[in-house]
Amino acid sequence: MVRTVGDEERSLSGHAVARSTWPEMQRIPVQSIRPRPDQPRRRIDPRGLEELTRSVSVHGVLQPIRVRRRGEDSYEIVAGERRWRAARGAGLQDIPAIVVDADDDRAYVEALIENIQREELNAVDRAHALTRLRAGLGLRSWQEVGEVVGITRQHIHNLLNVTRLPDPIRDDIRAGALSEKHARALMRLQPHPPLQRLLWERIHTEHLSGRAADEAARTMGARLEPRATGAAAPGLAGLHRRLGEVLAQEQPASV
C-alpha cells in the first residue's frame, strides 16, 4: 500500500521524491525487529536511553522508525534504533514503522544521514560517519557532503579534526565526558601535547565548560607566542613548571 498524496518532498539525501511512492506506516511487533550489525552509532548513552524509555512508556513512540524486510516476519532497522530499544524497554508489543526498499549500501547511507542530521552521534563518531557517507555516496568534496546533510564545510572540518586528538581524549568524547566545544578547545593545543594534556586535566578537575575551556586554550597558547620585546609573558614561569611536572610524569622510571 502507498500514499496517494501527489506532493513532492525531499528524501534524506536531498533528492525530490513523490509522496505517492512512500509506503504507509504500519505497526510491527518489536520482537520481529533487529538492529543493524554495522550501526553508525558506536555507543548509545544509557542515561539518554533511560529517559527516552520513560517517555515512551507514557506517550508511546511518536515518530515511526524505518526498517527493511529481512525475511517473511523479520525486519532490520534502517533508522531509529534508540526508539526501538526504548519501546522494547518499555514493554511495548509493537512499534510504528515504515518499511523501505533499500539494499545494504542505501540502508547504511540512510542510517548515517539520520544520525548525523539528528546530532545523536558524538563528535568522533559523526566525523567517521561523514567519512563513510562521502565514500558511500561517491561524493567528490566535503562541500557536497555538507549539502547532503545540511551542515557547513567549516563544521565538517572541525569534526574531522577531532579524529586527530589522542586516544584518551577521543574516548572521553565518545563516552560523553567531553562536548564538541571541549574538543575544539583541545584541538587549539594540538601542536603542544603537554599543554593539551594539561588542559584536558583541568577540564576534568575544574569542571570547565566548553567556553571556559576555549578561553583557557587561547590563554595557554598565547603564553607560548614569542614577544617582540623579548620579555617573558606573565605567568610563563609557572606554566613551564607545570609543564615540567606533566613531562616528568610521562618519563619512564629509572632502573
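Residue numbers (this note's numbering): 26 to 280.
Idealized CB from N, CA, C, for every residue including glycine.
Cβ-Cβ separation, residue j to residue i (assumed contact under 8 Å), whole Å
i: Val81; j: Val124; result: About 21 Å separates the two Cβ atoms, so there is no contact after all.
i: Val209; j: Asp119; result: Val is not the amino acid found at residue 209; the sequence shown has Arg there. Rounded, the Cβ-Cβ distance is 43 Å, inconsistent with contact.
i: Thr188; j: Ala242; result: Not a contact, Cβ separation roughly 18 Å.
i: Ala132; j: Val55; result: That pair is no contact at about 19 Å.
Residue i versus residue j - alpha carbon distance
i: Arg248; j: Trp167; result: 34 Å
i: Pro71; j: Arg110; result: 11 Å
i: Leu77; j: Leu214; result: 37 Å
i: Asn140; j: Ile102; result: 13 Å
i: Ala154; j: Asp126; result: 22 Å
i: Ala122; j: Ala104; result: 10 Å
i: Ala237; j: Arg222; result: 16 Å
i: Gly235; j: Lys206; result: 5 Å
i: His180; j: Gly171; result: 9 Å
i: Arg227; j: Gly114; result: 38 Å
i: Pro193; j: Leu74; result: 24 Å
i: Arg94; j: Leu158; result: 23 Å
i: Arg68; j: Gly163; result: 26 Å
i: Thr46; j: Gly96; result: Confidence at Thr46 is low in this model, with a pLDDT of 48, below 50, so its placement is unreliable and no value can be given for it.
i: Glu49; j: Thr230; result: 52 Å
i: His156; j: Arg165; result: Residue identity differs from the one stated: residue 156 is Thr in this sequence, not His. If you take the alpha carbons of Thr156 and Arg165, they lie about 11 Å apart.
i: Asp98; j: Asp196; result: 38 Å
i: Arg199; j: Leu220; result: 22 Å
i: Ser204; j: Asp239; result: 12 Å
i: Arg79; j: Glu169; result: 39 Å
One or two residues paired with residue i in a DSSP bridge
i: Gly235; result: Gly235 pairs with nothing; no bridge assigned.
i: Pro54; result: Asp119
i: Glu101; result: Arg59 and Arg93
i: Val124; result: Val92
Best match in the options for proximity to residue i [C-alpha to C-alpha]
i: Ala160; options: Arg61, Ile138 and Glu226; result: Ile138
i: Ala136; options: Glu205, Ser234, Ile90 and Arg236; result: Ile90
i: Val83; options: His229, Gly116, Arg59 and Asp130; result: Gly116
i: Pro216; options: Gly246, Asp196 and Thr230; result: Gly246
i: Thr244; options: Arg157, Tyr133, Thr230 and Leu224; result: Leu224
i: Tyr100; options: Ile58, Ala241, Gly85 and Pro191; result: Ile58
i: Arg108; options: Glu240, Ile69, Val86 and Ala241; result: Val86
i: Ala202; options: Thr188, Leu233 and Arg189; result: Leu233
i: Asp129; options: Asp63, Pro218 and Arg199; result: Asp63
i: Val134; options: Gln88, Asp239, Arg61 and Ile198; result: Arg61
i: Pro218; options: Gln88, Gln56, Ile198 and Pro191; result: Pro191
Residue i beta carbon near the ligand ZN (any heavy atom closer than 6 Å)
i: Asp98; result: What this structure holds is no ligand at all, so the ligand ZN is not there to describe.
Would the region 147 to 155 count as touching the region 180 to 194 if we require 3 or more Cβ pairs under 8 Å?
The answer is yes - the region 180 to 194 touches the region 147 to 155, with three or more Cβ pairs under 8 Å.
Tell me, please, whether the region 195 to 212 touches the region 169 to 178 by the rule of three or more beta-carbon pairs shorter than 8 Å.
Here the region 195 to 212 makes no contact with the region 169 to 178; the two share fewer than three CB pairs at distances below 8 Å.
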